[in-house]
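Peer 1: In full-length UniProt numbering, the protein residues as written are 1 to 223.
Virtual Cβ for every residue (Gly too), placed ideally from N, Cα, C.
Structure provided below as structure tokens; questions to follow.
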Amino acid sequence: METQHGGRAAFAVRARAATNPAEVREVYDEWAPTYDEDLCGPAGDDYPLPGIVADLVARLDEPETDVLDAACGTGLVGAALARHGFTSVDGLDISPRMIARARSRTRRVYHDLGPADLTQRLPGAPDKFGVVTCVNALEVGHLAPTALVEFARVVHRGGHIVLTVSTDGWPDVEHHLRRLASRRIARVLETGEHPLHPSAGSRHVVAVLEVVAASAPTGGPGW
1 METQHGGRAA FAVRARAATN PAEVREVYDE WAPTYDEDLC GPAGDDYPLP
51 GIVADLVARL DEPETDVLDA ACGTGLVGAA LARHGFTSVD GLDISPRMIA
101 RARSRTRRVY HDLGPADLTQ RLPGAPDKFG VVTCVNALEV GHLAPTALVE
151 FARVVHRGGH IVLTVSTDGW PDVEHHLRRL ASRRIARVLE TGEHPLHPSA
201 GSRHVVAVLE VVAASAPTGG PGW
């Protein structure tokens with residue numbers, strides 16, 4: 001068996017090399033059994049981003065807010081939100097085995113969980129949620145930044161999108177955020193950089209958006 005960091009690196013490389021949703025699903029289905037340990041370490045405190053995102057959501061929104069955790073994986077963000085008292089959190093992920101891990105957590109953290117290809121139209125009515133979270137999915141081989149339009153579509157006006165993206169991927173995401181702002185769909189409230197892991201050289205941008213459109217359009221050509 002590979003070491004914690006070796007396993008993490010190997011799966012991360014494979015995930016970034018994926019060229020279609022089926023390949024992404026395969027990687028994360030294989031990674032699911034060791035995902036939490038690979039990212040969080042034996043003590044469970046080696047991966048700060050889910051907690052940082054949950055802290056931001058708790059600062060901006062009430063615990064009764066309906067939240068969609070997009071690309072929820074094994075439920076690390078959901079668990080962090082539950083510690084803040086959030087009880088109405090739905091999770092979507094492309095990997096059924098990741099979803100199964102999220103569902104098996106000792107403390108129930110999700111109201112509803114299901115597999116979904118997030119490159120397509122999201123299930124759910126427009127304006128359904130007060131918040132969408134998306135941690136480390138807007139990356140090469142995963143979700144294109146065009147998914148931000150769908151995130152905005154399912155968030156009501158005045159709601160928030162809280163996301164993380166690597167500094168390498170940030171310029172492309174930032175470009176799409178400017179387009180969302182120019183079309184008066186969403187605006188950036190704040191950004192900040194944080195390490196992916198305490199011992200890692202790589203850093204990730206954490207961004208908070210406010211949805212300003214009464215009803216955002218669906219993503220498509222031109223985005």
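So is N20 buried or exposed if we call it buried at 16+ other beta carbons inside 10 Å?
Peer 2: Label assigned to N20: exposed.
Peer 1: Relative to the alpha-carbon of L189, which residue among P171, V162 and D172 has its alpha-carbon at the smallest distance?
Peer 2: Nearest of P171, V162 and D172 to L189, Cα basis: V162.
Peer 1: Relative to the C-alpha of A58, which residue among P50, H84 and E37 is closest?
Peer 2: Out of P50, H84 and E37, H84 has the C-alpha closest to the C-alpha of A58.
Peer 1: Quick check: the Cα distance between T74 and D90, rounded to an integer number of angstroms?
Peer 2: Roughly 13 Å between the two C-alpha positions.
Peer 1: Across the stretch 149-161 and the stretch 92-111, are there enough close Cβ pairs to call them in contact, namely three or more that are closer than 8 Å?
Peer 2: Output reads no: the stretch 92-111 does not touch the stretch 149-161.
Peer 1: Can you give me the Cβ contacts of T191 inside the same chain, cut-off strictly under 8 Å, excluding the 5 residues immediately before and after it?
Peer 2: Taken in chain order, the residues that qualify are V205, V206, A207 and V208.
Peer 1: State the beta-bridge partners of S182 as determined by DSSP.
Peer 2: Per DSSP, none; premise fails for S182.
Peer 1: Out of R107, E139, P123 and D93, state which residue places its alpha-carbon closest to the alpha-carbon of A15.
Peer 2: Nearest of R107, E139, P123 and D93 to A15, Cα basis: E139.
Peer 1: Which class does I94 belong to by DSSP, given the choice of helix, strand or coil?
Peer 2: Reduced to three states, the DSSP call for I94 is coil.
Peer 1: Do you know offhand how far L81's Cα is from V67's?
Peer 2: Going by the C-alpha atoms only, they are around 9 Å apart.
Peer 1: Between the stretch 128-143 and the stretch 46-58, can you find at least three pairs of beta-carbon atoms closer than 8 Å?
Peer 2: Result yes; three or more Cβ-Cβ pairs closer than 8 Å.
Peer 1: Measure the beta-carbon distance from I94 to L118 and round it to whole angstroms, keeping in mind my assumption that it falls under 8 Å.
Peer 2: Right, the Cβ-Cβ distance comes to about 7 Å (below 8 Å), so this counts as a contact.
Peer 1: With 16 other CB atoms within 10 Å as the buried threshold, where does A102 fall?
Peer 2: Buried is the call here.
Peer 1: Under 8 Å between the Cβ atoms of H194 and P48?
Peer 2: Contact flag set, yes.
Peer 1: Compute the Euclidean distance between the alpha carbons of D172 and P145, then round it to the nearest angstrom.
Peer 2: Rounded to the nearest angstrom, the two C-alpha atoms are 7 Å apart.
Peer 1: Suppose the cutoff is 6 Å on Cβ atoms and the five residues either side in sequence are ignored; what does the same chain contact list for T164 look like?
Peer 2: Cβ within range, chain order: L49, V135, N136, H204 and V206.
Peer 1: Considering only C-alpha positions, which residue in the set R157, L180, S202 and L143 is nearest to T167?
Peer 2: The candidate whose alpha carbon is nearest that of T167 is S202.
Peer 1: By Cβ distance below 7 Å, which residues in the same chain neighbour G220 in space, the five residues on each side in sequence not counted?
Peer 2: Since pLDDT at G220 reaches only 47, below the 50 mark, its modelled position is unreliable, and the value read off the structure follows with that caveat. So the list is empty, once near-sequence residues are dropped.
Peer 1: Relative to the C-alpha of R178, which residue among R157, E210 and D61 is closest?
Peer 2: Nearest C-alpha to R178: E210.
Peer 1: Suppose you measure from the CA of V212 to the CA of E62; what does that come to, to the nearest Å?
Peer 2: Each residue's Cα considered, the two are about 19 Å apart.
Peer 1: Roughly how far, in whole angstroms, is the beta-carbon of L143 from the beta-carbon of A32, given that I think they are within contact range, below 8 Å?
Peer 2: 18 Å between Cβ atoms; not a contact.
Peer 1: Would V13 be called buried (16 or more neighbouring beta carbons within 10 Å of its own) or exposed?
Peer 2: Label assigned to V13: exposed.
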